[in-house]
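K.L.:
This is the structure I have questions about; it appears just below.
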Amino acid sequence: MDIHLDIICLGWTERCKSILPPENGAPPLQPSQRLPGPNEPCWCQSGRKYKHCHRPIDNAPVERKYAEAQRVYATNWRVTAELQHGRGDYRWMARQLGSHGIRRVLDVGFGSGHGILSMLEELGPGLRIVGIDENPDCLTTAQNTLQTAGVDCPSPMRRVTTLPYADGFRSAAVPIEGALPEPVALLQADVCSDLYLEKALRADGPFDAVTVWLTGVHMYRQYNVVVTSAGIKTDGSHRLFVQNAVYELADKVLRPGGVLQVVDRGEAPATETMKQDIIRAHREQAEPTTLDFRAIEYTPWTPTETRRVPMGLTLGTSGMAPTQDMAIVSIISVKT
Ligand SMILES: C[S@@+](CC[C@H](N)C(=O)[O-])C[C@H]1O[C@@H](n2cnc3c(N)ncnc32)[C@H](O)[C@@H]1O
């Protein structure tokens with residue numbers, strides 16, 4: 001049976017055609033295209049089966065599409081994150097923070113919580129972590145990850161409602177009341193637009209570290225007015241948009257001497273020229289702040305066949321996505 005996008009979008013066809021393409025730069029589905037079967041590759045060219053990708057979103061009424069995209073993303077990311085956790089990728093990332101006397105961490109975009117778990121494993125049980133993520137399903141998943149591992153993790157704070165309007169989806173957050181839970185506070189917040197976040201974090205006291213690991217986001221983020229009104233057109237520019245917001249937030253909430261750690265995936269910076277290229281880019285990102293580049297480290301990274309979330313790559317000096325020698329790259333800056 002042919003189901004067309006103009007039916008699925010319930011009057012959204014014009015908007016779907018005019019705004020950015022889905023993840024990986026794939027062209028949007030055209031009204032004349034047949035939808036794939038559940039086990040066929042998704043039309044967005046993500047490489048996932050349709051049933052694990054856009055099918056639940058395509059089948060949802062318009063007011064549910066954003067939430068469905070968040071749910072699908074959280075489910076898929078957990079699979080990827082479990083693999084990365086199993087092979088020690090997150091512990092490597094946490095170890096890069098080890099020599100900086102870290103007791104309080106703000107983790108931006110915690111996903112399935114495996115990064116938080118590895119920070120607790122590597123940096124010690126006395127660690128206090130505030131995690132933020134814009135995806136409500138990541139809050140549930142991360143609490144589950146942490147509690148299953150025996151970590152005391154109070155109920156996450158859900159504060160954001162996202163609804164469809166004529167110009168796209170708009171998110172609104174409620175203020176953050178009272179002290180943040182300890183030892184792990186999971187907070188729903190969009191680092192690019194939350195009006196109440198900075199004040200609540202500052203009231204909670206200065207942080208020793210801010211982390212933003214493997215930035216990525218669900219398939220309907222591109223229809224959020226925060227993203228469209230910023231002129232974001234690609235996954236790469238969205239990554240920079242989020243990281244720039246984190247640089248500015250880190251500048252406000254870190255103690256002097258505190259560190260910001262950005263972790264990206266991309267071409268292994270095997271030569272001095274490639275390292276300098278990344279350092280230059282991060283110095284530019286840090287320009288509006290008092291943060292100063294301190295260290296770059298990398299470790300080889302291999303995608304696995306079963307990964308559910310395609311890897312967003314930071315382009316290297318060649319300007320091309322790497323085909324081999326991929327790495328996880330940690331960039332540390334210090335608040336002066
Ligand atoms: C690729 S996952 C990485 C999760 C985790 N840091 C890790 O390394 O496993 C990126 C996460 O960042 C979150 N995220 C993306 N944009 C965000 C924003 N503007 N504010 C808060 N969280 C965001 C997504 O919801 C997602 O959970």
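So in the numbering used here, spot 46 of the sequence shown is number 46, and the numbers just go up one at a time.
Note that beta-carbon positions come from the ideal geometry of N, C-alpha and C, so glycine has one too.
Any heavy atom of ligand 1 within a distance shorter than 7 Å of the CB on His52?
P.N.:
For ligand 1, not one heavy atom lies less than 7 Å from the Cβ of His52.
K.L.:
Under 8 Å, with one C-beta from each stretch per pair, do the region 53-70 and the region 197-210 reach the 3-pair mark?
P.N.:
No, because fewer than three Cβ pairs between the region 53-70 and the region 197-210 fall closer than 8 Å, the two stretches do not touch.
K.L.:
Can you give me the C-alpha to C-alpha distance between Arg307 and Asp89, rounded to a whole angstrom?
P.N.:
Caution is warranted here: a pLDDT of 49 is assigned to Arg307, below 50, making its placement in the model unreliable, and the coordinate value is therefore given only provisionally. Spanning the two alpha carbons is a distance of roughly 14 Å.
K.L.:
Residues in the same chain with beta-carbon distance under 8 Å from Ala327, minus the five sequence neighbours each way, listed in chain order, please.
P.N.:
Result list for Ala327: Arg265, Gly266, Glu267, Ala268, Pro269, Tyr298, Thr299, Pro300 and Trp301, in chain order.
K.L.:
Can you look up Leu180 in the DSSP assignment and give me helix, strand or coil?
P.N.:
Coil at Leu180, not helix or strand.
K.L.:
Would you report the Cα separation of Glu134 and His218, rounded to the nearest angstrom?
P.N.:
So the alpha carbons of these two residues sit roughly 10 Å apart.
K.L.:
Look up Ala185 in the DSSP assignment and give the residues it is bridged to.
P.N.:
According to DSSP, Ala185 bridges with Val130.
K.L.:
By a C-beta neighbour count over all protein chains shown, 10 Å radius and 16 as the cutoff for buried, is Pro136 buried or exposed?
P.N.:
So Pro136 ends up on the buried side.
K.L.:
Please state if the CB of Leu180 and the CB of Pro151 are separated by a distance shorter than 8 Å.
P.N.:
The sequence shown places Val at residue 151, not Pro. Cβ atoms of Val151 and Leu180: not closer than 8 Å.
K.L.:
If contacts are defined as beta-carbon pairs under 8 Å, then Leu247 and Ala286 qualify, I think. What distance do you get, rounded to the angstrom?
P.N.:
What sits at residue 247 in the sequence shown is Tyr, not Leu. About 6 Å separates the two Cβ atoms, so the contact holds.
K.L.:
Using CA atoms only, rank isn't needed, just tell me which of Val184, Leu254, Glu182 and Glu198 is closest to Ala173.
P.N.:
Closest option to Ala173, Cα to Cα, is Glu198.
K.L.:
Less than 8 Å between the C-beta atoms of Ser330 and Asp292, yes or no?
P.N.:
No; because the gap between Cβ atoms is not below 8 Å, this pair is not in contact.
K.L.:
Counting Cβ pairs, one atom from each stretch, are 3 or more of them under 8 Å apart for the region 109-120 and the region 144-161?
P.N.:
Contact holds: three or more Cβ-Cβ distances are below 8 Å.
K.L.:
Under DSSP, the beta strand (DSSP E) around Ala200 begins and ends at which residues?
P.N.:
No beta strand (DSSP E) holds Ala200; the alpha helix (DSSP H) holding it covers Leu197 to Ala203.
K.L.:
Given a threshold of 16 other Cβ atoms within 10 Å of its Cβ, counted over all protein chains shown, does Ala26 qualify as buried or as exposed?
P.N.:
In this predicted model, Ala26 has a pLDDT of only 47, less than 50, meaning its place in the structure is not dependable; the value taken from the coordinates is given anyway. Exposed, because fewer than 16 other Cβ atoms sit within 10 Å of the Cβ of Ala26.
K.L.:
Within 10 angstroms of the Cβ of Glu68, are there 16 or more other Cβ atoms? Answer buried if so, exposed if not.
P.N.:
So Glu68 counts as buried.
K.L.:
Using 8 Å as the threshold, is the C-beta distance between Ala250 and Leu240 below it?
P.N.:
No, they are not a contact pair.
K.L.:
From the DSSP output, in three-state form, read off Trp77 for me.
P.N.:
Of the three classes helix, strand and coil, the one that applies to Trp77 here is helix, per DSSP.
K.L.:
In chain order, what residues of the same chain lie with their CB nearer than 8 Å to the CB of Gly37, ignoring the 5 residues before and after it?
P.N.:
Once the five neighbours on either side are set aside, the close Cβ partners of Gly37 are Tyr50.
K.L.:
Helix, strand or coil, according to DSSP, for Ile3 in the structure here?
P.N.:
Legend: pLDDT at Ile3 = 29, less than 50; position of this residue unreliable, no value from coordinates given.
K.L.:
Can you tell me whether Ala166 is buried or exposed? The criterion is at least 16 other CB atoms within 10 Å of its CB, across all chains shown.
P.N.:
Classification for Ala166: exposed.
K.L.:
Closest to Gly257 by C-alpha separation, out of Thr80, Val62 and Leu97, would be which residue?
P.N.:
Out of Thr80, Val62 and Leu97, Leu97 has the C-alpha closest to the C-alpha of Gly257.
K.L.:
At a cut-off of 7 Å, would you count Val210 as near ligand 2, judging by its Cβ distance to the nearest heavy atom?
P.N.:
Looking at this structure, you won't find ligand 2 anywhere; what it does contain is ligand 1.
K.L.:
Mind checking whether Lys233 and Arg202 have CB atoms under 8 Å apart?
P.N.:
Not closer than 8 Å, so no.
K.L.:
Which same chain residues end up closer than 8 Å to Arg255 when comparing Cβ atoms and leaving out the 5 residues on each side of it in sequence?
P.N.:
Pro206, Phe207, Asp208 and Lys335, listed in sequence order.
K.L.:
DSSP state of Ser99, grouped into three classes?
P.N.:
It is helical.
K.L.:
What beta strand (DSSP E) runs, 3 residues minimum, are completely inside the region 250-286?
P.N.:
As far as the region 250-286 is concerned, its whole beta strand (DSSP E) runs of at least 3 residues are 254-267.
K.L.:
Step through the CB atoms of chain B and report whether any lies within less than 8 Å of the CB of Val184.
P.N.:
Structure shown: chain B not included; a single protein chain is present.
K.L.:
Can you list, in chain order, the residues of its chain with a C-beta nearer than 8 Å to that of Asn24? Leave out the 5 residues immediately preceding and following it.
P.N.:
The pLDDT assigned to Asn24 is 39, lower than 50, so where the model puts this residue is not dependable; a value taken from the coordinates is nonetheless given after this. Cβ neighbours of Asn24 beyond the five flanking positions: Cys44, Gln45, Ser46, Asp235 and Pro310.
K.L.:
Output needed for Thr289: all residues of its chain with C-beta closer than 7 Å, excluding positions within five of it in sequence on either side, in chain order.
P.N.:
Tyr247, Glu248 and Asp251.
K.L.:
CB-CB under 7 Å to Asn244, same chain, minus the five flanking residues each way: which ones, in chain order?
P.N.:
So the list reads Gln285, once near-sequence residues are dropped.
K.L.:
How should Pro303 be labelled, buried or exposed, when 16 other C-beta atoms within 10 angstroms of its C-beta is the threshold for buried?
P.N.:
It is exposed - the Cβ of Pro303 has fewer than 16 other Cβ atoms within 10 Å.
K.L.:
Could you tell me the distance, in whole angstroms, from the CA atom of Val79 to the CA atom of Thr140?
P.N.:
Computed Cα separation, rounded: 15 Å.
K.L.:
For Arg128, I'd like the list of residues in its chain whose CB is within less than 8 Å of its CB, leaving aside the five on either flank, ordered along the chain.
P.N.:
Excluding positions up to five away in sequence, the list reads Arg103, Arg104, Val105, Glu182, Pro183 and Val184.
K.L.:
Are the beta-carbon atoms belonging to Val227 and Gln188 less than 8 Å from one another?
P.N.:
Result no, Cβ atoms of Val227 and Gln188 do not sit closer than 8 Å.
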